Amino acid sequence: KPAFSAVYVDDRAQNYLMKFGYLPQSGLETGNLRTDDQLRDAIRSLQKFGGIPETGQVDERTQQLMVRRRCGLPDKPDLRLQDPSLLRRFKR
Amino acid sequence: YTLHGSPWKHLNLTWSLRTERPSGLETGGVRRELARALDVWAKNSKLTFHEINSDAADILISFHRGYHGDGYPFDGRGQILAHAFFPGSDRGGDAHFDEEEEWTLDSSGNDDGTSLFAVAAHEFGHSLGLAHSSVRGALMYPWYQGITEDYELPEDDKHGIQQMYGAPESRLWGKNPDYPGYRPPVHRPSYPTYTPRTTTTTTTASTTTTERPWRTRPREPMTHPPDRRDHPYRPNHYPEERTRPPYYPPRPEWPVTPRRPHRHHTPPTVGTTSTPYTTSTTPSSRYRPPVKKDLPDNCDTDYDAISLIRRELFIFKGKYVWRLNDRGLVDGFPAEINQLFKFPMRVDHVDAVYERIEDNRIIFFIGRYFYVFKAFYLEPGYPKPLTALGLPPDLEKIDAAMVWGYNKKTYFFSGSMYWRFDENVNHVELDYPRDISMFAGVGPNIDTVFQWKNGTTYFFKGKHFWQFDDMRMRVAHKKPKSSAHYWMGCPRG
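Sequence order for the protein chains is A and B.
Letter 13 of the first sequence, counting from 1, is numbered 15 in our numbering, and no numbers are missing.
Letter 23 of the second sequence, counting from 1, is numbered 709 in our numbering, and no numbers are missing.
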């Protein structure tokens, strides 16, 4: 069994995840790399919300969900308020 | 269900449609569908909704295309259908629909169209304080699902709305004349039902008709077309008034966003004679330096644009420019912009300016046009419209432009949005515009932004500025500092 299996999420899917609140938006301009786990969790979360099997991969059903007509508001509240790395205190 | 923020403090909410003939639909039909959508929530809570024709309504409903200034641009026909704001002041409660969708006033919303009733009912859930629900079949499920004509609110949404606003007082709510929420009965004409022609016998003179089942028997004759059905919220509800033409009050003027006044600008064709500074050409007239009549007080002003050009700071305000180098203000400045840069017309302001890294050209933005300068001279073929950069045609001006030290990319700012510009393909990048809130703490409608020699980014608004922390994507200090004191060396206060 391979020790590491990377999840591939293209820009369009990442933008979708960010737009609807599944991934934090802070990395948009600074181009922060996302961890594999972070992406996988975001996809799972989307799949759970959409009521499709939680595979953690952008499979066909997820792709179908992503092109469906929908409301423009995010499904999750702003993750910047939840991401602990963004809430930690900095030394002066 | 998920609740978001605080609910409305009052139960008698008002609403108003602010777009006339949205998506080419009949305004009366749209109003009827919106009223029906609100009724879905009214029937299941203590809320009441009344239509008014005013910008002061709690819920303003409008149709927009693409970027429309609220940070949630529409994407044309397809994925994003609408959005609404949670309860609150200003935009709170407002619902926006994508005008480019194929809206139908038919509740089923077939493959060719999207039911306005279904989407409006969902969006009004947001207007009342409900966020998205992951329950499939719930009205607040984010993905579009058509709903039926006689739609009943699912349990999930019912619990949500009743937690915020309480359950309706009585099952007879709205039907009991003694109750304050009484609404007179609505005259709902039945649609003509299709009845197949029955076999007739010609053997006798009389025609025999088979008895129709009771369900298809017309209840009452139809007096007017179905799309003109009366609605309790419409002024021509009462039967005696039914003969009147429908009343559509005139649309009031759009509210004007309190921003600095926009100066419309039409560039002259390149090559026209520029106005000389001295008006008299008689021999007796001698050169007189231009009188700086409307020179702004550099210790008490905001700035139109600031840019670091060839390691010197250029500060633009009105028709003047200050030039500062390491030794301070350069002699002869402030000067008129026209004295320094050879525009083909008199310039009374610039909106934004930046120096392109690749070829050191200086790019000015004035109104809907941009000008490219090589040193002090305009390049041939300019000015060009902002649309040549891939910016939307309805964009009236750019607030600020900069090359960001963090990634050496060019950024344009306007209102609450910003774009990243690809200098290689000479076009704004895909997935833009984005909301300026990405640059946390800066806020919308900035005056200017630039990058100092050490790579630090500064945002200016009014008479103040913020230093920006590129790594943490937020302002380095929440309280802005005085521009006059820091940049112009004016005494504090």
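Just so it is clear, CB atoms sit at the ideal spot from N, CA and C, and this is done for glycine as well.
None of these values were measured; they are calculated from a predicted model.
- With the criterion set as a beta carbon lying under 8 Å from some beta carbon of chain A, the members of the stretch 747 to 769 of chain B are 758, 760, 764, 765, 766, 767, 768, 769, in sequence order.
- Only exposed fits residue 742 of chain B, as fewer than 16 other CB atoms lie within 10 angstroms of its CB.
- Interface flag for residue 77 of chain A against chain B is set, since a Cβ pair is found closer than 8 Å.
- In the three-state DSSP reduction, residue 849 of chain B falls in the helix class (H, G or I).
- In the DSSP annotation of this structure, residue 831 of chain B is not part of any beta strand (DSSP E), being labelled neither H nor E.
- What residue 812 of chain B touches in chain A, judged by beta-carbon distance under 8 Å, is 73, 75, going in chain order.
- If you check the CB distance, residue 801 of chain B and residue 833 of chain B come in under 8 Å.
- Exclusion of the five residues before and after residue 818 of chain B leaves 688, 826, 827, 828 as the residues of its chain whose Cβ lies within less than 8 Å of its Cβ.
- Beta-bridge annotation (DSSP): residue 1100 of chain B is paired with B/1103.
- For residue 850 of chain B, none of the residues of chain A pass the 9 Å Cβ criterion, the least Cβ distance being about 17 Å.
- For residue 1137 of chain B, the three-state secondary structure derived from DSSP is strand.
- When the five nearest sequence neighbours on each side are left out, the beta carbons in the same chain lying within less than 8 Å of the beta carbon of residue 713 of chain B are those of 703, 706, 707, 934, in order along the chain.
- Rounded to the nearest whole angstrom, the CA to CA distance from residue 20 of chain A to residue 42 of chain A is 13 Å.
- Under the 8 Å Cβ criterion, the stretch 1057 to 1070 of chain B does not count as touching the stretch 1121 to 1135 of chain B, having fewer than three qualifying pairs.
- Each of B/752, B/1043, B/1019 was checked against the Cα of residue 1109 of chain B, and the nearest Cα belongs to B/1043.
- Interface flag for residue 69 of chain A against chain B is set, since a Cβ pair is found closer than 8 Å.
- As far as DSSP is concerned, residue 1131 of chain B takes part in no beta bridge.
- When beta bridges are read from the DSSP output, residue 1167 of chain B appears opposite B/1151.
- Not a single C-beta of chain A is nearer than 8 Å to the C-beta of residue 1119 of chain B.
- Here the alpha carbons of residue 791 of chain B and residue 715 of chain B stand approximately 7 Å from one another.
- At a beta-carbon threshold of 8 Å, the residues of chain A lying near residue 809 of chain B are 73, ordered along the chain.
- Runs of beta strand (DSSP E) with 3 or more residues, each lying fully within the stretch 691 to 773 of chain B, are found at 698 to 703, 734 to 737, 745 to 750, 766 to 770, listed in chain order.
- Rounded to whole angstroms, the gap between the alpha carbons of residue 998 of chain B and residue 1119 of chain B is 30 Å.
- One thing to note: residue 51 of chain A has its Cβ within 8 Å of the Cβ of residue 820 of chain B.
- Collapsing the DSSP output to three states places residue 46 of chain A in a helix.
- Neighbours of residue 800 of chain B across chain A, judged by C-beta separation under 8 Å: 71.
- Contact check for residue 46 of chain A against residue 56 of chain A passes: the beta carbons are separated by less than 8 Å.
- Inter-residue distance for residue 845 of chain B and residue 22 of chain A is about 24 Å (C-alpha atoms, whole angstroms).
- Rounded to the nearest angstrom, the gap between the Cα atoms of residue 1000 of chain B and residue 1170 of chain B is 15 Å.
- With 16 or more other CB atoms across the displayed protein chains lying within 10 angstroms of its CB, residue 847 of chain B is buried.
- With a threshold of 16 other beta carbon atoms within 10 Å, residue 815 of chain B meets it and is buried.
- Residue 813 of chain B places its beta carbon less than 8 Å from that of residue 770 of chain B.
- In the structure shown, residue 993 of chain B falls within a strand segment according to DSSP collapsed to helix, strand and coil.
- Look at residue 1031 of chain B here: in three-state DSSP terms it is coil, with no helix or strand label.
- Assigned with DSSP and collapsed to three states, residue 1050 of chain B falls in strand.
- By the Cβ neighbour-count rule, residue 1062 of chain B is exposed, with fewer than 16 other Cβ atoms within 10 Å of its own.
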